[in-house]
Amino acid sequence: MNFLLATPKQLNIKGMKRLIIAILILGLCTTASSQGSGKEKVNVWGNTNSSLKQGGRVAYQDGIVYYANPRDSFKLYRINIDGTLKRRISHDIPEQINVIGQHIYYLNRNYDSGKQGLYRISITGRDRLFYDLDASYLRVHNSGMAYFLLDGKFYQINTNNITKPKELVFVEKDYITGAYITTDYVFYTKWWENLSANTQHGGMHIYGRVSGKKDNLLSDNRVITEFIVSDNWRWVFYRQMGGYYDNNSKQYVTALILVSNNNRNPKKMPTPLPEYDNNIAFIDRWLYFRSAIPQDNTLYRMSFDGKNVEVVSQLPGEVYEAGDYLIFYDGKYLVRTLKDGRLAEKLN
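Quick note on numbering: the sequence shown equals residues 138 to 485 in my numbering.
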């Protein structure tokens, strides 16, 4: 159209068409911008302590499961929680998997793919980085700080600054045999009776990350065969072998300990757990556990007050938390269920 010769009516029609097109384009751009700016759900901690206790072969973030794939020599994979879009990320064999934003942190156990130790890799498999250290426990915070247990000491390292050496989180003159970190505390055990010759874990100790103070929850003369802490509540579960428990000489003792804000006067909660419990995990406000009776795969869960005990599943394997689901990992398959055990579905 020649605008110099166009009539007012023709100009109005042309202008309206342009206005409509402009509005449509603006709407599409706004929608795309809105979708593109949708915030990714980034973990505060790269994995739960209960998952790391079992080896940390499964981690979860924002609808995606990251795992050591038992169907491919336990190499590092990812898969959507609905079972779609499975892909290999690396030939590394990971333990203690942590996922924070765009990065995965783990301990590599594959000699063929590189040195054993701490690695970071992008969630797409790029930018693989090796930190020259190894550990028996690893938990990463979204600040970039990685916390780990190495040679009886509890360390931290800034993963965003590889030139900065590792640092002690706190000074402990005795050998630390096991540890877990939460937002507020570090819980740890030593050798029983503080003697490495005993080769058993003893006592329960706590370091307040805010106060900078250490306290004893249990004496070192108690043999602690297993313990785990909850991530969101100040609960500690421990299992003890032998006596030294409130004048009780039973061979095995289980208890829940509630740690108060000032670390003083921890509250012990008696539990109805059988003495053969096994594979303990804190998930939400439940304590999950199995019977250690051979060929009995029954998974139970119990409320923190011990009043409610439920049967969850007969599926075998380690139990990992993945958002609103559980992941059962038996060294062959990954099976997803609801947290009460319903709607089981194989993922891989």
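Quick reminder that beta carbons are idealized off the backbone N, C-alpha and C, glycines included.
Remember, predicted model here, so these are calculated numbers, not experimental data.
For residue i, the nearest candidate out of the options (CA to CA)
i: R438; options: I394, L424 and N415; result: L424
i: Y203; options: K190, V236, N180 and K178; result: V236
i: L244; options: S356, S280, V195 and R224; result: V195
i: M406; options: H240, N415, I417 and A392; result: A392
i: L436; options: R422, N416, D311 and I234; result: N416
i: S356; options: V366, D229, Y375 and M282; result: Y375
i: F324; options: K404, T261, V366 and R224; result: V366
i: H338; options: M378, Y274 and N247; result: M378
i: M282; options: I294, Y274 and L305; result: I294
i: Q239; options: N485, L286, F291 and D199; result: D199
i: I496; options: L475, G193 and Y248; result: The question about residue 496 has no answer, for the chain in this structure spans 138 to 485.
i: R225; options: I234, D249, I260 and Y248; result: I260
i: N369; options: H342, D229 and T319; result: T319
i: D364; options: F426, R422 and A334; result: Checking the displayed sequence, the identity of residue 364 turns out to be Phe instead of Asp. Per the Cα distances, F426.
i: D229; options: A205, Y274 and T221; result: A205
i: N485; options: T336, K444 and K223; result: K223
i: R422; options: V347, K476, T296 and S227; result: K476
i: L287; options: Y274, T296 and S280; result: Y274
i: K178; options: S188, I201 and R346; result: I201
i: R265; options: G345, S227, Y248 and G289; result: S227
i: L452; options: L471, G349 and D442; result: L471
i: S428; options: S450, S333, G289 and D311; result: S450
Pair within 9 Å by beta-carbon distance, residue i and residue j
i: G478; j: G468; result: no
i: N184; j: R276; result: yes
i: F419; j: N180; result: no
i: V448; j: S440; result: no
i: A481; j: Y197; result: no
i: L354; j: V390; result: no
i: F307; j: K252; result: no
i: T474; j: Y462; result: yes
i: R246; j: Y322; result: no
i: L305; j: F291; result: yes
i: Q233; j: V456; result: no
i: E309; j: H342; result: yes
Element boundaries [beta strand (DSSP E), containing residue i]
i: H240; result: H240 to N245
i: R427; result: W423 to S428
i: Y437; result: L436 to S440
i: G254; result: G254 to S259
i: V449; result: V446 to S450
i: V181; result: From DSSP, V181 is part of no beta strand (DSSP E); its letter is neither H nor E.
i: R224; result: R224 to S227
i: N295; result: K290 to N295
i: Q233; result: P231 to I237
i: T474; result: L471 to L475
i: Y268; result: L266 to Y268
i: L286; result: M282 to L287
i: A459; result: E455 to A459
i: R276; result: Y274 to V277
i: Y486; result: Beyond the ends of the chain as shown, which are 138 and 485, falls residue 486; an answer cannot be given.
Exercise. Which runs of the beta strand (DSSP E) fall wholly inside the region 298 to 326 and span at least 3 residues, in chain order?
Worked result: Those beta strand (DSSP E) runs which fall completely within the region 298 to 326 and span 3+ residues are 315 to 318.
Problem set entry | Runs of alpha helix (DSSP H) lying entirely within the region 185 to 214, each at least 4 residues, in chain order | If we require 4 residues or more, the alpha helix (DSSP H) runs fully inside the region 185 to 214 come out as 186 to 190.
For this session: Tell me, please, whether the region 354 to 368 touches the region 327 to 335 by the rule of three or more beta-carbon pairs shorter than 8 Å.
Result: These segments touch.
Exercise. Counting pairs of Cβ atoms below 8 Å between the region 307 to 319 and the region 255 to 270, do you hit three or more?
Worked result: In short, these stretches do not touch, since the Cβ pair count stays below three.
Problem set entry | Touching by the beta-carbon criterion (3+ pairs, under 8 Å), the region 199 to 213 and the region 268 to 280 | The region 199 to 213 vs the region 268 to 280: no contact.
Exercise. Taking the runs of the beta strand (DSSP E) that are 3 residues or longer, which of them lie wholly in the region 345 to 373?
Worked result: You should have 351 to 366.
Exercise. Does the pairing of the region 217 to 228 with the region 295 to 310 give three or more beta-carbon distances under 8 Å?
Worked result: With fewer than three CB-CB distances shorter than 8 Å, the region 217 to 228 does not count as touching the region 295 to 310.
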